[in-house]
Amino acid sequence: MPLLSNLLAKDIPQTFQKFQLHVYAGFFFFGLLGFVYLMSPIVSRRNYLSENALSPGLVSNDIYISNEHIRDIIGQLRTGFKEKNISDVIQSMFVQRGIEAYKQNLEDDTNDENVYGIVRAPRLASTESIILVAPLYVRIQSKSQPIKANLYGIAHTLAIGFALHRKPYMAKDIILLFPAQQENGTRIWLDAYFNTKPDSIPLDAHAGSIQAGLTLEFPHEKFYSIDLRHNGINGQLPNLDLINTVVHLCDKNSIPASYYDIYVDLSSNELFIDYMKKSLRTLLINALTLATGVPSGVHGQFLHYRIEMITLFGSLTKRDQYQTSPITLRAFDDIIEGFIRSLNNLLERFHQSFFFYFHINRRNFVSIATYMVPLGLIVAPALIRSLVLYMSFFTSSETSATTYITLGRTMKFDMNYSAMFLEILECLALSYVLMWIPMKFTYLIICQITMFISPILLRPFRSTERQFDYLQFILLLTGSALLGCLSLLNYSMAFLAACFLMPCYMFAGCSKFDHWIIKYFCRFLFLTCLNPLVFLALYHYLARLLMAGEFLLPNFNQLTSDFDTYIASYRLFNAWTVDVVCLAIVPIWFLLYRSTFWIRTLVDKTQ
Amino acid sequence: MSNFLRQVKITQPQLATFLQHQCRAEASTASSTGVTQSGSIVLDNRKAPPPLDADRMRMHPRIGNREIVGYGLKGKPEYFDLAMFPCPSIRWEADTAEITALRKKEQGDWKQLSVDEKKRLYRASFRQTFEEFCAPSGVWKWAIGWTLIGIAGLTFAYDGWRRICYRFDKPDSMADEKLKRQLEFHIAARQGPMTGLASKWDYETEMFSTKLKSCLILILLIHCCSTNEDVYKEELYIRPLASGHTYFNLLFTTVASPDILKSNIVHHYHLFPKVIADIVRSNGVSEFHVSLTQGLWRYDRWGMPIVGAPPGAEVWAWFKSDEQRDVASRWTSFAHELGGLLCASLNFVASNVSSSSPYYSFRPQSTLPKSNGANLDNSLLRYAALPREIVCTENLTPWKKLLPCVAGGSNHNGLAGLLDNAPKLYNSDYHSLRMDFRQICANTACTSTQLELSMALAIVVNTATSKPNYNEWTFRSVFGSNVAQSCPLSSLTNVYVDLQLSSTHSLNITPEPDYSIKQGTTPIVIYDLNSDQRKSTTFAMSCTHSKQPTSNTDSSSPPIVVHRYATGYGVRDGGIKTVIKINEEQNKNQITLLYFEQIPWYFRVFLHTLKITTLDDDTTEIKPDYISYTPGKDRERSYQLEIVIKTDQSIVISFEFEMAFLKWNEFPPDPNHGFYIPSAVISTLLPSKSNYILRSLNSFSLNQSLSSWSDGFVRLYSESLLVNLPTPDFSMPFNVICLGCTAVALAFGGLHNLTTKEFCFGPKRAQTPLRQRLQDLRVRLMASRRALAQRLFKRTPPQQQRHEHAE
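Protein sequences appear in the order of chains H and Z.
Here the first sequence stands for residues 1 to 607, numbered as in the UniProt record's numbering.
Here the second sequence stands for residues 1 to 807, numbered as in the UniProt record's numbering.
Set out below in structure tokens:
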């Protein structure tokens with residue numbers, strides 16, 4: 001569509017031209033402050049149950065599971081773990097009680113097996129089901145022992161399954177899944193259940209469409225609080241109603257529930273400043289962890305298949321100085337039973353409430369309508385700058401005498417694109433080639449060095465000022481479009497990318513000024529602060545600080561090892577974070593970096 | 001006394017009674033002593049009347065010279081006859097000379113007075129005696145008479161007014177034709193066959209006759225109609241299952257003469273339910289099947305049912321070819337009527353959208369003479385399934401009412417008495433109501449036919465106890481009651497217990513069975529409840545079975561098991577995989593499988609993705625012998641797929657579909673629940689016929705299928721599937737519409753302006769000083785004020801207006 005209007009640079013108020021940089025910086029910092037402000041009680045909303053059908057399950061309890069029963073099950077499981085035939089033990093326990101149980105071989109050299117049982121509901125023809133997942137082994141954060149048997153979680157899952165077997169009110173089947181190798185086993189089981197991979201061996205039994213579920217990770221026999229983990233793949237989150245149900249149940253049974261091990265005491269005992277600090281920590285950890293695209297438990301795999309699920313992790317941390325005894329068995333079973341009966345009562349899939357939100361504590365959240373504003377403020381300078389550049393093209397084209405006439409259509413402004421596209425192509429090719437190298441932190445440093453010296457080795461970008469502006473214009477539009485799309489898919493990642501890219505844009509734009517000091521300063525900044533690896537290290541340090549909640553020294557070894565494990569595990573999760581970074585963000589950064597080496601030519605050579 | 005009255009304040013009634021007492025007391029003392037008392041109240045009759053003076057005339061102008069003798073009732077001088085107050089204040093007659101003389105005489109000894117004189121004296125004082133004025137007068141006749149006349153007059157007046165004002169027509173039921181039909185209906189329905197209207201009808205001459213002879217004929221006629229052709233059988237089949245459940249199947253079979261389906265005659269129904277016959281006759285149905293099921297039959301754990309059923313509702317019907325109405329309209333009205341009868345939403349199956357006509361899967365069940373059933377093409381068949389239908393007591397109650405021993409109401413005799421406690425029957429893992437209507441051969445040569453209506457209730461009850469591998473049940477624990485009495489109408493009441501578990505389990509059944517037979521290798525014990533010793537007693541049964549620890553599990557897996565599931569995720573496309581597992585140990589030869597699938601139109605099935613492979617190796621494809629595929633049409637027809645496969649090993653049938661995006665008003669109220677795909681139907685002939693109790697094609701009654709070899713025909717139903725279609729967010733449609741419209745308007749407006757208009761700078765407006773602007777404002781304000789005033793006071797006098805004009 002040709003534009004009839006001529007947007008001219010003289011339309012822009014002169015004062016704006018003068019204070020452009022201030023305005024952009026102002027937008028950027030207001031955006032950052034706005035994001036921090038999300039934790040304030042004025043912005044956040046108190047959560048509520050949107051789906052009424054969930055509430056009856058919260059009321060009364062019907063099941064009683066005795067301590068002896070649990071102890072008996074744990075005893076059997078323990079021998080199973082010891083003799084490495086845990087899947088057989090679980091299957092025989094199911095079969096003994098007349099519940100159908102099946103095994104699935106993972107088809108690898110380890111010979112591990114997934115076990116699952118299906119408690120059939122008498123009221124329905126197996127069209128819908130609820131799933132309870134208890135991974136056989138659970139990752140725990142201790143140096144000596146990275147994984148531990150999920151004894152308590154498996155025992156409770158089994159006990160609840162046995163108790164709900166043949167209950168007349170059950171209208172949905174309950175699948176009890178015990179995956180081996182955590183995420184790997186879960187993924188193989190899900191692939192087989194939905195038959196998404198044509199070569200996977202189909203399962204022996206199915207239970208209709210799985211509505212929602214719960215993952216139980218309780219490696220310790222005693223626990224003092226429950227940590228809720230809800231991060232899914234690529235920043236996906238479960239429905240807020242599901243989380244609220246669990247939080248309600250926890251509150252009812254007075255079990256302290258936390259996110260990221262940060263417990264906010266919502267009673268008036270706590271100081272307001274503590275409340276704010278904890279809320280901010282939760283919010284920031286939320287953003288930082290969701291940006292990675294890696295789930296915080298096996299539930300992430302289920303979210304991918306539209307099965308709403310969160311992980312309950314039994315934490316050993318005491319949340320209150322008066323809390324002396326661990327959580328009772330009865331209270332814990334009440335949570336699972338209440339949850340299952342709420343879901344059993346549900347007529348439809350989870351569709352109400354929110355799918356996009358940030359938790360700032362267990363009772364308050366920020367919805368998408370609110371948290372999109374800070375990102376909008378951060379990205380706005382890119383759009384304004386591109387408009388200003390666009391308008392300035394007309395002014396300059398008025399001065400130039402010649403107008404291109406191609407195919408009978410008058411061009412608005414003439415431009416020789418060849419040098420620009422050569423530059424873009426060069427940068428893309430180089431960055432893609434470098435990203436082809438296997439992801440290792442040491443390799444990444446080599447890549448960075450290659451990128452840094454490439455303008456010296458290869459011919460730097462030479463063009464007139466207008467061509468340079470045009471390149472900037474294209475980069476600004478690409479960048480803002482990328483961030484806009486990303487903000488809808490994975491907000492946290494878009495936010496971090498915006499925080500990184502926007503200063504890059506600014507300093508790349510500044511390099512237009514011819515003074516050599518400015519040029520060297522910009523290059524220096526790109527080498528130091530605006531370097532992706534430095535940003536990564538900064539990100540890692542900040543995340544560690546927030547997780548620990550106390551001052552830590554930066555640890556380079558920790559960074560490299562964390563990065564390597566992340567790269568190793570990330571393929572498993574169907575995540576695309578690294579792909580987006582490698583294919584979009586790094587090339588844009590590289591182009592911006594190379595534009596600081598721009599050499600002005602007064603006349604276009606090709607003309 | 002007057003002093004007393006003055007001093008004491010008493011109420012009026014108290015005063016009246018007081019005065020009465022006083023009056024009597026004074027009269028008694030006066031009569032006894034004859035002493036005149038002075039007082040304000042004069043009660044003394046002996047006192048001479050006061051002279052007729054002017055004062056008296058002025059005060060009491062009406063009484064003439066009649067003597068005032070006392071205070072009277074109210075102190076007024078008036079005469080009355082009152083039984084309550086017998087002493088009026090004045091005398092009746094005026095004082096004549098005669099009376100005065102008599103009075104004087106009265107002062108003396110009363111013996112001097114003659115009777116006439118005494119009477120005269122009495123009459124002078126009183127008009128009537130007590131007897132006279134207390135005598136009934138008969139006024140009530142007059143009063144009632146006139147009231148009735150008044151009511152009648154008003155009614156007539158109202159009727160007349162109504163006729164004038166409204167002019168009602170007679171209801172059409174009062175028309176002669178309708179009256180006649182009503183009469184015919186009464187006669188046909190035998191209203192009061194002995195004493196009522198129908199007893200006056202001569203059925204031979206089709207006229208009313210008052211003769212006694214015709215009544216006798218009528219009785220004979222009724223007797224002839226209820227000949228011994230109608231047969232009703234009740235059976236209960238019990239099979240303890242290895243999975244800790246027990247399968248109960250109550251079977252009720254009615255066989256009737258086909259005459260009840262003939263039109264244009266007066267029908268008589270003995271044991272056959274009239275409603276069913278009406279539905280069948282009016283829609284030209286030759287046979288039908290309907291089942292309402294809750295839960296899923298688990299073939300892998302429970303073996304084979306006698307007759308299978310899919311979850312939800314399933315109906316199919318064969319129609320007669322020689323009727324005037326087309327099959328589609330008959331199917332619609334049949335499904336509506338049947339749905340109304342069973343309280344099920346069968347009206348949803350009626351449209352072509354959800355019904356289909358498979359070629360092979362549902363051939364007629366009727367056993368007709370060869371000549372009749374030769375050319376039945378599938379256009380006469382309609383099949384439909386409603387997987388979402390929920391079955392409850394509201395379906396059981398009308399279904400139960402069709403049974404002969406329940407229809408009467410209170411006396412639920414026989415095995416039907418077990419159905420009384422409905423909640424118990426629904427507290428089961430599988431609950432299936434079924435009704436089949438078909439024609440069967442009346443004799444072995446099949447020269448004539450009979451109608452068979454088979455109704456069955458199958459439940460699978462969880463009988464496991466807390467003790468592992470130990471099952472226990474009684475009639476009372478399963479049904480809530482025992483069999484109180486046998487149904488007098490049933491010709492057969494049997495209870496069969498299938499003991500196929502006895503090889504691995506120890507069974508203990510009380511009471512002792514009457515006899516036992518062996519069906520193939522399966523031992524069956526039988527109780528005959530119609531036998532003499534059980535006929536009048538309550539029949540209670542209890543059973544315990546426990547697994548013997550030595551026996552191995554799964555000794556007999558079923559010969560064929562179906563498992564179906566949906567594949568894929570997301571709302572764009574998906575697929576269905578059906579696994580048909582054939583027990584290869586039992587089966588050495590090839591068997592023929594008939595696979596039928598009916599899929600709603602919003603799942604767009606692609607035939608090219610249909611893949612039939614063996615279960616073990618998904619690369620070896622099996623070529624089906626026959627494929628019939630009817631592509632669906634949006635909102636008109638569902639997809640139908642029918643495949644015939646010959647195989648000797650387990651197979652997998654898979655195909656893929658794409659999901660349609662429905663119009664917003666086509667979504668149900670709960671769109672996020674998902675949409676159902678009905679069960680696939682697999683029909684086959686089992687290779688090893690002997691081991692399973694199945695119904696035979698000759699009869700639904702087990703009594704016959706047990707005695708003859710079962711032909712091994714089974715129909716297996718797979719799971720129904722629940723798939724989520726792409727669904728818009730209905731929870732906030734308003735927000736979505738508002739937001740969408742705003743976004744479109746903003747984007748469109750901007751783009752439109754940018755592309756169609758050219759912006760340019762206009763000349764700058766000359767700046768006016770502030771004072772000038774203020775002055776302008778003042779002038780404008782004054783002008784508007786004047787305009788307002790003119791509008792408000794439009795009716796200003798013309799003079800003023802003129803004045804204004806002049807100004």
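Beta carbons are placed, not taken as given, at the ideal position from N, Cα and C, and that holds for glycine.
Source: prediction; values computed, not measured.
{"Query": "Does DSSP classify Gly-408(H) as helix, strand or coil?", "Result": "Note that Gly-408(H) scores a pLDDT of 47, beneath 50, so its modelled location is shaky; the value from the coordinates is reported in the next line. In the structure shown, Gly-408(H) sits in coil (DSSP, three-state: anything other than H, G, I, E or B)."}
{"Query": "Can you find a C-beta in chain H that's less than 8 Å from the C-beta of Tyr-569(Z)?", "Result": "yes"}
{"Query": "Do you know offhand how far Ser-50(H)'s Cα is from Ser-60(H)'s?", "Result": "20 Å"}
{"Query": "Taking Ile-427(Z) as the query, report the chain H residues whose CB atoms sit under 7 Å from its CB, ordered along the chain.", "Result": "The question names Ile, but residue 427(Z) in the sequence shown is Asn. The contacting residues are Pro-168."}
{"Query": "Check Met-170(H) in the structure and name its three-state DSSP category.", "Result": "coil"}
{"Query": "In whole angstroms, give me the CA-to-CA distance for His-206(H) and Arg-564(Z).", "Result": "8 Å"}
{"Query": "Terminal residues of the continuous alpha helix (DSSP H) containing Gly-153(Z)?", "Result": "139-165"}
{"Query": "With a threshold of 8 Å between beta-carbons, can Gly-208(H) be considered close to chain Z, or not?", "Result": "yes"}
{"Query": "Excluding five sequence neighbours on each side, which residues of the same chain lie with their C-beta closer than 6 Å to the C-beta of Trp-302(Z)?", "Result": "Leu-241"}
{"Query": "Since Val-327(Z) and Arg-239(Z) are thought to touch, with beta carbons under 8 Å apart, how far apart are those beta carbons, to the nearest angstrom?", "Result": "In fact, because the Cβ distance is near 39 Å, the residues do not count as touching under 8 Å."}
{"Query": "What residues in its chain sit with their C-beta under 6 Å from that of Phe-81(H), if we drop five residues either side in the sequence?", "Result": "Ala-149"}
{"Query": "What is the rounded straight-line gap between the Cα of Pro-532(H) and the Cα of Val-586(H)?", "Result": "8 Å"}
{"Query": "Taking Cβ positions only, does Phe-473(H) come closer than 8 Å to chain Z?", "Result": "no"}
{"Query": "Quick check on DSSP: helix, strand or coil for Ser-466(Z)?", "Result": "coil"}
{"Query": "Quick check on the DSSP output: what are the complete beta strand (DSSP E) runs of length 3 or more inside the region 623-689 of chain Z, in order along the chain?", "Result": "626-630, 639-647, 651-659, 675-677 and 681-685"}
{"Query": "Taking 8 Å as the CB-CB limit, is Glu-128(H) close to chain Z?", "Result": "yes"}
{"Query": "Whole angstroms are fine: how far does the CA of Gly-570(Z) sit from the CA of Val-379(H)?", "Result": "32 Å"}
{"Query": "What does Asn-462(Z) touch in chain H if you count any residue whose Cβ is under 7 Å from its own?", "Result": "Arg-166"}
{"Query": "Please name the residue in Leu-251(Z), Thr-246(Z), Glu-229(Z) and Tyr-247(Z) whose C-alpha comes closest to that of Leu-236(Z).", "Result": "Leu-251(Z)"}
{"Query": "Alpha carbon to alpha carbon, how far is Trp-110(Z) from Thr-33(Z)? Give it in angstroms, no decimals.", "Result": "Low confidence applies here, because Thr-33(Z) scores a pLDDT of 40, under 50, leaving its location unreliable; read the following figure in that light. Their backbone Cα atoms lie some 16 Å apart in a straight line."}
{"Query": "Any Cβ of chain Z within less than 8 Å of the Cβ of Phe-162(H)?", "Result": "no"}
{"Query": "Do Ser-428(Z) and Leu-380(Z) have their C-beta atoms closer together than 8 Å?", "Result": "no"}
{"Query": "DSSP three-state call for His-563(Z): helix, strand or coil?", "Result": "strand"}
{"Query": "Determine the contact status of Leu-418(Z) and Ser-481(Z), defining contact as a CB-CB distance below 8 Å.", "Result": "yes"}
{"Query": "For Thr-110(H) and Arg-571(H), what's the separation of their Cα atoms in angstroms?", "Result": "19 Å"}
{"Query": "Where does Ala-806(Z) land, buried or exposed, given buried means 16+ other C-beta within 10 angstroms?", "Result": "In this prediction, Ala-806(Z) scores a pLDDT of 48, lower than 50, which makes its location untrustworthy; the coordinate-derived value is nonetheless stated afterwards. Label assigned to Ala-806(Z): exposed."}
{"Query": "Pull up the distance between the alpha-carbon of Tyr-520(H) and that of Thr-528(H), whole angstroms please.", "Result": "12 Å"}
{"Query": "Per DSSP, Trp-318(Z) forms a beta bridge with which residues?", "Result": "Glu-287(Z) and Leu-381(Z)"}
{"Query": "Could you give the DSSP three-state label for Tyr-569(Z): helix, strand or coil?", "Result": "coil"}
{"Query": "When the cut-off is 8 Å and only beta carbons count, does Gln-14(H) lie next to chain Z?", "Result": "no"}
{"Query": "Identify each residue in the region 71-103 of chain H for which the Cβ-Cβ distance to at least one residue of chain Z is less than 9 Å, and report them in chain order.", "Result": "Val-95, Gln-96, Arg-97, Gly-98 and Glu-100"}
{"Query": "Could you give the DSSP three-state label for Arg-544(H): helix, strand or coil?", "Result": "helix"}
{"Query": "Who are the neighbours of Arg-600(H) on chain Z, taking C-beta pairs under 7 Å?", "Result": "The premise fails here: Arg-600(H) is roughly 33 Å from chain Z at the closest Cβ pair, so nothing lies under 7 Å."}
{"Query": "Is the distance from the Cβ of Pro-558(Z) to the Cβ of Met-304(Z) below 8 Å?", "Result": "yes"}
{"Query": "Taking Cβ-Cβ distances shorter than 7 Å, what residues in chain H pair up with Lys-400(Z)?", "Result": "Neighbours of Lys-400(Z) on chain H: none; closest Cβ ~21 Å, over 7 Å."}
{"Query": "Counting only beta-carbon atoms, is Glu-308(H) nearer than 8 Å to chain Z?", "Result": "no"}
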